[in-house]
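Colleague:
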Amino acid sequence: MKVIIIGAGEVGYELAECIRRKDHDVIIVDRSERACKRARSLDVKVVKGNGARPELLNSLDIEEGNYFFAVTDDNEANLVSCAVAKAAGCRTIARINGLEYISKPISRRFSKIGVDYVVSPELLIAQKISDIIVMPSAIDTNLSMGGKINVLEFKVLQKSKVEGRKIKDIELPNQVNLGAIIRDNDVLVPHGDTVIQEGDTLIVMSQGKKARRQMLRLMGTRRSKIHRVMIIGATDIGINVAKLLEKRGIDVKLVENSPSRARRAAEILKDSEVIEGDAREKRILIEEGILRVDAFAASTASEEFNVLVCLLAKIYGVEKTIAVVRELGLKSLIETVGIDLAASPQLVTSRAMLRIARELNPLKAISFHGGDLYILETAVTDKSRVVGKKLEDISLSDSCIIGAILRKGRTIIPRGTTRLLEGDQVMIFVMKEEIDNVEELF
Amino acid sequence: MRWKVVLGNLGSILKLFGYSFYVPIIPALYYFEGPYAFGFLPFNALLFLFMANLTINIGYPMEIFGKAEDFHHDEAVVLVGSTWLLLALISSMPFLLSGMLSSPIDGFFEAMSGMTTTGATVLPYPLEQHPKSVMMWRALLQWMGGMGVIVLSVAILSKLSKGGLSLLEAEAPGPSITRLKPKIMETAKILWYIYGLLTLCQIILLLGAGLSLYDGVYHSLTTMSTGGFSNYTGSIGHFGSPVQWIIIFFMLMGGINFSLHYQAFKGDIKRVFANVEFRVFIALLLGSTAVITYILIGTDAVPIDSLRNAMFQVVSLSTSTGYTTTNYDAWPEMARIILLFLMVIGATAGSTGGGMKVLRIYLVFKNVLRSFKEFVNPRRVVVVRMGGRVIEESTLDIITKFFMAYMLIFVIGSLLLVAAGMDLMTSISGVISALSNVGPALAGLGPEYNFRVVPPAGRFLLSILMWIGRLEIFTAVVLFNPQLYKRKRIGSIFRFKK
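Protein chains in written order, with numbering that gives the first Met the number 0: chain A, 0 to 441; chain B, 0 to 497.
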C-alpha cells in the first residue's frame, strides 16, 4: 500500500519509521532540505516541496485507498492537502496544532470536508500528562489495542511489597501481565526466577480499572492520592492539563510569566489558581508552595527551560516531574537525569495516528523506553506459523514476551496454556533486535 | 454634537407621544366628568384633546426644522435625557389644567414620578376625589415610562432604528441590552408585545377577582410598569387578599428581565432558571420574605397574613413598584432596614424595575471578593465570572463607576434634602426611594405620608433624582457636562498639519 506523509518533522519521521517496516511504499514530503536529508536515512522515498501544492500532489500519483498523513506545522496546509487527497480516494489523517479548530484529542470533525481524522498534539499530550499525574505510582501509561489494554510503567520503590522478591512468588492480579523490567537502562525480559530490585521499572499490561487499582496497591508506597499540582507555563498544553486535573478535584497552580497569557488561563480555568510570575525566581516557586506539591509539570514553549525547571523541582523534593519536550532524541537522556517523563507531543501524535491507521500495519511497532523496547501489535492469520499452538510450545526467544491477546473483542491475559487462534490480536513486548524474528512467526 | 439632529428626532418622538393623550378621553366621556363646556362636553375630554393637538403641533415644526439624520452616540444620549425631561414637562399639564395641582413644581413632580415609575404622589388625599380621566392619564404615564418611551419610539418609528441601539442603551435599565432579534426595531417591538401581553393577562385576572374594569386596567398599568400609582389612598390595602396575590405575581413579572420573559414565551424555561441574576433575585426575595415573616409572626391575626404582608412589601419595594398593603414603617427596625437595602438593590437588569439592579450588586460583590484574593497573593490572576461566563474588566470598571456615582449622588441628594428641612432618616430613605424609583420611603415619607410634606425645593430635587435614577445616572448627568455644549472646531486636525 502506498502511504504519503506530508511533513518530515518529528511526527512525520516517527510515522515513516514505524510504517516502513512492512511492504508499504512510504513517500515523505517536506519543504526543508534538512528534514528531507534526515528522512532519506530511513529508506523511504523523499520528495522536497510544499505538500499542499497541486503540482506536487499530482506528481505523487495518489490512488484509491492510499493512506495520507498531513503532519506539517501548518494547519491550513494540512487540511487542504488532505481534502485534495481525499478527492483522489485516500484515507486522510491530519494534524491540527493549537485549539482554534478542535476541542477533542482525536476527532472526525472535518470528515465532511475530506479529512477523516484530525489529531491534536496539544490535547493528546495534555491527556497523557494528566493521566500520569493522577496515577500515583505509574510513571507512564499508554493505551493500546484500541484502548482495551493499559500499558503501565511502575518504578519499584524501597520497601514496596515486590522489592527483593522473585517474580514467581509475587501474586500478580488476575488481569495483569508483567511485560518487561528495565534495570540501569537495560531491558530484561522477566522470568519466574528474576528478582525485582529497588529502582527497577516494571512495564505491565493490565485490563480494566480493577486490575489497575490492584496493581497500584501492590506497588504503592507513595501517598495514594495526588492533591496539589504545580504547572509552569500557560500554553495550550499547560492550560489543558490544568483543566483535566481540576475536573478530578486536584488543586492546580499554574504559573505564567506573561500577563496576557495568565489572564487567558484564568478565564479558561474555573478552579485552578493562576499565578503571574517568573518560575525562574526561587522565591516565587517557594512562596507558591513548590515544597508541598505532589507533582510538577513544565509546559512552556522552551524545552530547555522545562527541563531545567523540572530539575529544580526535583531539588525541592517534588516526587513526580514532567517536562514537555519536543525533540524526541532527548527523551531518554532527560529521563535518565531524574525527570520522570519527557512528554513529547510529537510522539503521542504519531502513536495516535498509528492507532487510527491500525489496518495499515498488521504488525505494529510502538517504540517504548527510548527505542530499545518495542510493543508490537499483530494479528494471527491462517498463514501464521503460530496459529493453533499453545504459547508454551512456541519457540520465542528470551527477549520476547506475549503480553496480551485480544480475541473477539475480549482481552485475555495469556498464560502458558493459552492457545493462539486465527483472528487473535496479539500484543508482544520485544527487544529491537528480535523484531524481525517475531515478524516471521506471525 | 449636532443640535438639529437631536431636535428633529425629539420632534418625532413628541409627535408620537401626543397620540397617547387621546386615551384618557375615553374615561372622560364614559364617566361624563364635569364641568361641561358648551353645556354638554366634559371639560376633561376637551383638555386631553387640546393636549394631544398641542403636543403634536409642537413636535411637527421641530421635526421640520431639525434634521432626521442618523445620530452619533453623544446625540443619542442627549436625545434620551432631554426627551424624558420634555415629556415630563408636557405630561404635567393635565394635572395643572384640571386644577388638581396648582404649583408647576408639583405638576412636574407628579409627571416625573409617573414616567419614571416611581409612584410617589403630591396629589391631595384622599385620591378618590380626583377626576377619573386625569387619574387614568397618571396610570398610563407609568405604563409608558415602564418599558420606556424611547423603546416605544424605536419600536414604532423606523427612522430611529439605525442609532436605536445607542438610544436603547441610554434608556434601558441595566448595564447592557440583550438583542432579542438582530434588528433593534424588532427587539423593541418584542419587548412591547411581551409587556402588553402581560398587562392584558393581569387585567383579565383582576377582573376575574372582582375588580371593576377601571380599577383593573388602572392597577395593571401601574403594576407591570412597577410604577405603584393607585387610585385609592389605601393603595392595594384597599383590596382583598386574592387581588394582593395577583399583584405580587405581576410585580415580580415586571421586576424580571424581559429577555427572560421572551425565553419563557419561546418555551425555554431551562435557560430562565439557569440565569444567575434571576436566581439571585428570587433567592433575595424569598430570603427577605422569610426573615420578615418571622419577625412579623404574632403581630397579625393569622400567620398567612404575616407571610402575605411580608411578601407583598418585599416584592413591591425590591421591584421598585411601591404599592403598600400595610404601614411597613411601623414594623420592627430589622424589617425596615431589610426593606431599605432591597430598595437600593432593586430589580433585575432589563426589567421595568428600578434600583441599582441585582446584576450590578452581584458583580460589585464578586469584584470585592476577587480583590480579597488578590490582596492575599498579589501575583494571583483572578477573573470575575457569572454563571460560568467571564466578565470583561471593562464591564466591571463601568459597574464600579456606576456604583460610586450612585453613592455620590445619594450623598449629595441626602445632604440637600436635609438642608431643605427634612429629618435624617426621611432624607436618606427618600433619596434612595427616588433614585430607585420606588415611591414610598421610611419615617416622614413612609407609606402613610404624602410627598406634600416635603418643601417645594425638596420636591423639585426629588423629581430630578427620579429622572437621574430612571436613566441610570450617566444618561441624565451628561446633560450637565459643559463639554457637550462647546462648539467643536471642525478641521482643527488639518490646520495642525499645515
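Quick reminder that beta carbons are idealized off the backbone N, C-alpha and C, glycines included.
In the DSSP assignment, the beta strand (DSSP E) including Gly420 of chain B goes from what residue to what residue?
Modeller: It is not in any beta strand (DSSP E) - Gly420 of chain B carries neither H nor E in the DSSP assignment.
Colleague: Taking C-beta to C-beta, are Ile444 of chain A and Thr417 of chain A nearer than 8 Å?
Modeller: There is no way to answer for residue 444 of chain A, as the model of chain A reaches only from 0 to 441.
Colleague: Where does Leu13 of chain B fall in DSSP's three states?
Modeller: helix
Colleague: Do Glu121 of chain A and Asp235 of chain A have their beta-carbon atoms positioned less than 8 Å apart in this structure?
Modeller: yes
Colleague: Does the Cβ-Cβ distance between Gly352 of chain B and Ser319 of chain B come in under 8 Å?
Modeller: yes
Colleague: Buried or exposed, going by whether 16 or more other CB atoms sit within 10 Å of the CB of Pro172 of chain A?
Modeller: Looking at its Cβ environment, which holds 16 or more other Cβ atoms inside 10 Å, Pro172 of chain A is buried.
Colleague: Check this for me: beta carbons of Ala309 of chain B and Leu295 of chain B, under 8 Å apart or not?
Modeller: Result yes, Cβ atoms of Ala309 of chain B and Leu295 of chain B sit closer than 8 Å.
Colleague: Of all the CB atoms in chain B, is at least one closer than 8 Å to the CB of Glu245 of chain A?
Modeller: no
Colleague: Taking C-beta pairs closer than 8 Å, name the residues in chain A that Arg379 of chain B reaches, listed in chain order.
Modeller: Glu272, Val273, Ile274 and Glu275
Colleague: Ile501 of chain B: which of B:Phe277, B:Ile55 and B:Leu306 sits nearest, CA to CA?
Modeller: The structure shown does not extend to residue 501 of chain B, since chain B spans only 0 to 497, so no value can be given for it.
Colleague: Under 8 Å, with one C-beta from each stretch per pair, do the region 203–213 of chain B and the region 183–192 of chain B reach the 3-pair mark?
Modeller: Between the region 203–213 of chain B and the region 183–192 of chain B, the count of Cβ pairs shorter than 8 Å is below three; the stretches do not touch.
Colleague: Identify every run of the alpha helix (DSSP H) within the region 325–362 of chain B, keeping only runs that are complete inside it and at least 4 residues long; order them along the chain.
Modeller: Qualifying alpha helix (DSSP H) stretches, in chain order: 332–344.
Colleague: Helix, strand or coil for Glu334 of chain A per DSSP?
Modeller: helix
Colleague: Can you tell me whether Gly64 of chain A is buried or exposed? The criterion is at least 16 other CB atoms within 10 Å of its CB, across all chains shown.
Modeller: exposed
Colleague: Bridge partners for Ile427 of chain A per DSSP, in chain order?
Modeller: Answer is A:Leu375 and A:Ile401.
Colleague: Apply the 10 Å Cβ neighbour rule to Ser287 of chain B and answer buried if 16 or more other Cβ atoms are within range, or exposed otherwise.
Modeller: buried
Colleague: How would you call Asp435 of chain A, buried or exposed, if buried means at least 16 neighbouring beta carbons within 10 angstroms?
Modeller: exposed
Colleague: Measure the alpha-carbon distance for Ser271 of chain A versus Leu159 of chain B and round it to whole angstroms.
Modeller: 47 Å
Colleague: Got a sec: which bits of the region 352–382 of chain B sit with their beta carbon under 7 Å from any beta carbon on chain A, in order along the chain?
Modeller: Arg378, Arg379, Val380, Val381 and Val382
Colleague: If you measure from the beta carbon of Arg282 of chain A to each beta carbon in chain B, is any gap under 8 Å?
Modeller: no
Colleague: Is the shortest distance between the beta-carbon of Glu266 of chain A and the beta-carbons of chain B less than 8 Å?
Modeller: yes
Colleague: Sorted by chain position, which residues of the same chain lie with C-beta nearer than 6 Å to Asp69 of chain B's C-beta, five sequence neighbours on each side aside?
Modeller: Lys161 and Gly162
Colleague: Among A:Lys154, A:Leu310, A:Ile132 and A:Ala51, which one has its Cα closest to the Cα of Lys224 of chain A?
Modeller: A:Ile132
Colleague: Can you have a look at Ile333 of chain A and say buried or exposed, based on whether 16 or more other CB atoms are within 10 angstroms of its CB?
Modeller: buried
Colleague: Name the DSSP bridge partner or partners of Ala341 of chain A?
Modeller: A:Ala322
Colleague: List, in chain order, every chain A residue whose beta-carbon is nearer than 9 Å to that of Val389 of chain B.
Modeller: In chain order, Ala265, Glu266 and Ile267 make up the part of chain A whose C-beta sits under 9 Å from the C-beta of Val389 of chain B.
Colleague: Return the chain-ordered list of same chain residues with a C-beta closer than 6 Å to the C-beta of Phe94 of chain B, the five sequence neighbours on each side being excluded.
Modeller: Leu100, Gly106 and Glu109
Colleague: Going by other Cβ atoms of all chains shown within 10 Å of its Cβ, with 16 needed for buried, is Arg222 of chain A buried or exposed?
Modeller: In this prediction, Arg222 of chain A has a pLDDT of 49, which is less than 50 and means its spatial position is unreliable; nothing more can be read from the coordinates.
Colleague: Nearest chain B C-beta to Arg279 of chain A closer than 8 Å, yes or no?
Modeller: Answer no: the Cβ-Cβ gap between Arg279 of chain A and chain B never drops below 8 Å.
Colleague: Would the beta-carbon of Ile202 of chain A fall within 8 Å of that of Val323 of chain A?
Modeller: It is not a contact, given that the beta carbons lie outside the stated cut-off.
Colleague: Which of the three DSSP states, helix, strand or coil, is assigned to Arg384 of chain B?
Modeller: In this structure, Arg384 of chain B counts as strand in the three-state DSSP scheme.
Colleague: Name the residue from B:Leu156, B:Gly445, B:Leu140 and B:Tyr124 whose alpha carbon lies nearest to the alpha carbon of Ile14 of chain B.
Modeller: According to the sequence shown, residue 14 of chain B is Lys rather than Ile. With distances taken between Cα atoms, Lys14 of chain B lies closest to B:Leu156.
Colleague: Within 8 Å (strictly less), CB to CB, does Ala261 of chain A reach chain B?
Modeller: The beta carbon of Ala261 of chain A sits closer than 8 Å to some beta carbon of chain B.
Colleague: Return helix, strand or coil for Ile180 of chain A, following the three-state DSSP convention.
Modeller: strand
Colleague: Hey, would you say Val425 of chain A sits closer than 8 Å to Ile401 of chain A, going by beta carbons?
Modeller: yes
Colleague: Pop quiz: Asp328 of chain B and Leu441 of chain B are said to be a contact at Cβ under 8 Å. What is the actual Cβ separation, rounded to whole angstroms?
Modeller: 5 Å
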